[in-house]
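Peer 1:
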Amino acid sequence: MADICEVKAFINKMRELLNQGLFDLVPRGKNLDSIKKAGLMIKHVKEILSNLSYENYSKGPLADIGYKRQGYVWEFGYDIEGTEFYIKLKIEERNRQQYIICLSFHEAEFILKYPLRENK
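273 is the number of the first residue of the sequence shown in the numbering used here; add one for each residue after it.
#1: Note down the Cα distance separating P387 from M273, rounded to an integer number of angstroms.
#2: Tell me which residues share the same chain as K280 and place their Cβ nearer than 6 Å to its Cβ, disregarding the 5 neighbours each side in the sequence.
#3: What are the boundary residues of the alpha helix (DSSP H) that V279 is part of?
#4: Which residue marks the beginning of the beta strand (DSSP E) containing S330, and which one marks its end?
#5: Pull up the distance between the alpha-carbon of Y344 and that of G338, whole angstroms please.
#6: Comparing alpha-carbon positions, which option in I383, L334, Q370, V317 lies nearest K285?
#7: Where does K362 sit, in a helix, a strand or coil, going by DSSP?
#8: Taking the Cβ atom as the reference point for each residue, do F377 and S306 lie within a distance shorter than 9 Å?
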């Protein structure tokens with residue numbers, strides 16, 4: 273588990289990359305269906321990501337175990353009109369440039385824990 277300073281550092285780096293337009297959402301059906309069902313567009317997803325705080329933190333950094341993947345993933349949760357969304361992010365280098373990659377953005381399929389929230 274990361275501490276508050278580590279989570280804040282990740283979030284700040286993520287915001288910096290978002291502001292530079294260095295963002296990629298993995299277009300998995302589950303992500304796209306949940307975004308559409310919630311009435312969101314990609315610009316809304318970026319706004320939600322920009323609004324994340326350490327209190328939204330759930331897990332990470334965890335080794336990315338995907339095929340031929342490197343780096344670490346961070347997991348967050350976010351309430352969208354009463355529905356908890358699961359968000360999995362990583363910073364990945366592509367062509368010598370860092371990007372924020374949103375691997376998951378969909379309705380949570382399990383109960384998320386928020387270890388840094390004061391009122392857990």
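For every residue, glycine included, the Cβ atom is placed at its ideal position computed from N, Cα and C.
Peer 2: On the basis of the coordinates in this document:
#1: For this step, residue 387 is matched to residue 115 along the sequence shown. For this step, residue 273 is matched to residue 1 along the sequence shown. A straight-line Cα-Cα distance of about 8 Å links P387 and M273.
#2: Mapped onto the sequence shown, residue 280 falls at position 8. Cβ contact annotation for K280 (same chain, cutoff 6 Å, sequence separation greater than five): Y326, in chain order.
#3: Here the question's residue 279 lines up with position 7 in the sequence shown. Its alpha helix (DSSP H) spans residues 276-291.
#4: To locate residue 330, count along the sequence shown from 1; it is residue 58. It spans 329-335 - the beta strand (DSSP E) in which S330 sits, taken as one unbroken run.
#5: Numbered from 1 along the sequence shown, position 72 holds the residue referred to as residue 344. Numbered from 1 along the sequence shown, position 66 holds the residue referred to as residue 338. Each residue's Cα considered, the two are about 11 Å apart.
#6: Counting from 1 along the sequence shown, the entry for residue 285 is found at position 13. Nearest option by C-alpha distance: Q370.
#7: Here the question's residue 362 lines up with position 90 in the sequence shown. If DSSP states are grouped into helix, strand and coil, K362 belongs with the strands.
#8: Taking the first residue of the sequence shown as position 1, residue 377 is located at position 105. Taking the first residue of the sequence shown as position 1, residue 306 is located at position 34. A contact, by the Cβ cut-off of 9 Å.
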